[in-house]
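In this text, residue positions in the sequence shown follow full-length UniProt numbering: the first is 1, and each later residue adds one.
No residue lacks a Cβ here, since even glycine has one placed at the ideal position from N, Cα and C.
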Amino acid sequence: MAMTGVLRPGHACIRVLDMKEATHFYGEVLGLIETGRDSFGRVYYRAWDEIEHNSIILREADSAGMDFMGFKVDSEASLDRLEADVRAYGIPTERIPAGDLLQTGERVRFQIPSGHQIELYAEKARLSTPQSGNNPPPWNPEAERGIAPIRFDHALLYGPDIEKVQDLFVNVLGFHTSEQIMLEDGKTQLAIFMACSSKAHDIAFVRHEEPAKLHHVSFYMESWEKVLRAADLMSMHKISIDMGPTRHGVTRGTTIYAFDPSGNRFETFAGVQSSYPDHETLTWTWDEVGTAVYYHDRQLNPAFLGVVT
Ligand code: M3P
Ligand code: FE
Numbered sequence: 001m002a003m004t005g006v007l008r009p010g011h012a013c014i015r016v017l018d019m020k021e022a023t024h025f026y027g028e029v030l031g032l033i034e035t036g037r038d039s040f041g042r043v044y045y046r047a048w049d050e051i052e053h054n055s056i057i058l059r060e061a062d063s064a065g066m067d068f069m070g071f072k073v074d075s076e077a078s079l080d081r082l083e084a085d086v087r088a089y090g091i092p093t094e095r096i097p098a099g100d101l102l103q104t105g106e107r108v109r110f111q112i113p114s115g116h117q118i119e120l121y122a123e124k125a126r127l128s129t130p131q132s133g134n135n136p137p138p139w140n141p142e143a144e145r146g147i148a149p150i151r152f153d154h155a156l157l158y159g160p161d162i163e164k165v166q167d168l169f170v171n172v173l174g175f176h177t178s179e180q181i182m183l184e185d186g187k188t189q190l191a192i193f194m195a196c197s198s199k200a201h202d203i204a205f206v207r208h209e210e211p212a213k214l215h216h217v218s219f220y221m222e223s224w225e226k227v228l229r230a231a232d233l234m235s236m237h238k239i240s241i242d243m244g245p246t247r248h249g250v251t252r253g254t255t256i257y258a259f260d261p262s263g264n265r266f267e268t269f270a271g272v273q274s275s276y277p278d279h280e281t282l283t284w285t286w287d288e289v290g291t292a293v294y295y296h297d298r299q300l301n302p303a304f305l306g307v308v309t
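Take a look at the structure:
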């Protein structure tokens, strides 16, 4: 197996202010498939083409934002090894017992320098879905219900000390840096995009004073046409759109940023480039920061740097 260790983003637990409003949005408008509810009142979803029991978990709380993001690793042996490596690096870890999240094995959780809670897990129940097994069709009716993204793809997180975060992800967790945006001094990073796969990014960070903030969770769509259809649905459902449809210079993704009813930003995107560990890190300079983020407008909108949950 060429891909070992950390494989991909597996889940994100999002705080919502009103569960009834949130389940209407995530279930009917975004079109995720509800897979369970637990004794804490958390609601679990997967996207139609995902193989595991859950990827988005909602928790009702007084403030919006993200509780934690989890990455799938290839085996229990990798989970043990990465746990030891994170500890040896000087970051304490805790084990969360199997079953704390529905249908999910033990998780190793740690706080990264930006203040976010990151988890690793090796086991989660696989569902039998129309897309699994022998001779699967290319899509099924769930692929046309609501916005209907293919998968939870990545998150962009805001917090301090992103160079320390980069060191941890690259030198301990095995990610590579696909792209970066520099500040005016040409040396300090405003943003870093990192992948554990050949995707444009699996996680990204923007430098920000306040720790543990969420800029967006992102959902992968099949095509630019599906991104435009998502925009139509957002308007039909009076969803607040932050930006787009447009294109990012960084990653080349065609995209929309919009807000869930609690004010958490989410992205529906398609058409990114790929990245491999032997590629050079693409760098965007401060004079082109607007183009890096919004390729057509060529300037940042005020919400981009200011509105996070
Ligand atoms: C994305 C993406 C920035 C670009 C963000 C890009 C922060 O969200 O998914 O490609 O410049
Ligand atoms: Fe994104």
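Helix, strand or coil at residue i [DSSP, three-state]
i      : result
TRP284 : strand
ASP67  : strand
PHE175 : coil
LYS72  : strand
LYS164 : helix
PRO229 : Per the sequence shown, residue 229 should be read as Arg rather than Pro. It is helical.
THR129 : coil
Residue burial classification, residue i (beta-carbon count within 10 angstroms, cutoff 16)
i           : result
GLN299      : exposed
LYS72       : buried
SER39       : exposed
SER218      : buried
GLU119      : buried
residue 311 : Nothing in the structure corresponds to residue 311, since the chain is present only between 1 and 309.
ALA191      : buried
Residue range of the alpha helix (DSSP H) that includes residue i
i      : result
PHE304 : 302-306
ILE150 : Per DSSP, ILE150 belongs to no alpha helix (DSSP H) and is neither H nor E.
LEU79  : 76-88
ALA122 : No alpha helix (DSSP H) holds ALA122; DSSP gives it neither H nor E.
THR291 : 289-293
THR23  : 19-23
GLU267 : Element bounds for GLU267: not the alpha helix (DSSP H) but the beta strand (DSSP E), 265-270.
Through-space distance from residue j to residue i, alpha-carbon basis
i      : j      : result
GLU50  : ARG151 : 6 Å
LYS238 : LEU32  : 18 Å
ARG102 : SER114 : Strictly speaking, residue 102 in this sequence is Leu, with Arg absent from that position. Rounded to the nearest angstrom, the two C-alpha atoms are 27 Å apart.
TYR276 : CYS196 : 9 Å
LEU214 : THR309 : 5 Å
GLY5   : MET182 : 29 Å
GLU123 : GLU184 : 44 Å
MET66  : LYS20  : 18 Å
GLU222 : GLY271 : 8 Å
GLU94  : ASN264 : 27 Å
GLU179 : GLY90  : 26 Å
Candidates the options, of which the one nearest residue i by Cα
i      : options                           : result
GLU225 : ASP242, PHE269 and PHE259         : PHE269
GLY10  : ASP202, GLU210, PRO211 and ARG95  : ASP202
SER98  : TYR89, ALA125, SER78 and ASP74    : Residue 98 is actually Ala in this sequence, not Ser. Minimum Cα distance to ALA98 is reached at ALA125.
ALA77  : PHE68, SER63, VAL108 and ASN54    : VAL108
ALA303 : GLU179, THR283, PHE259 and ASP287 : PHE259
Continuous beta strand (DSSP E) stretch holding residue i: start and end
i      : result
ASP242 : 241-247
GLN189 : 189-195
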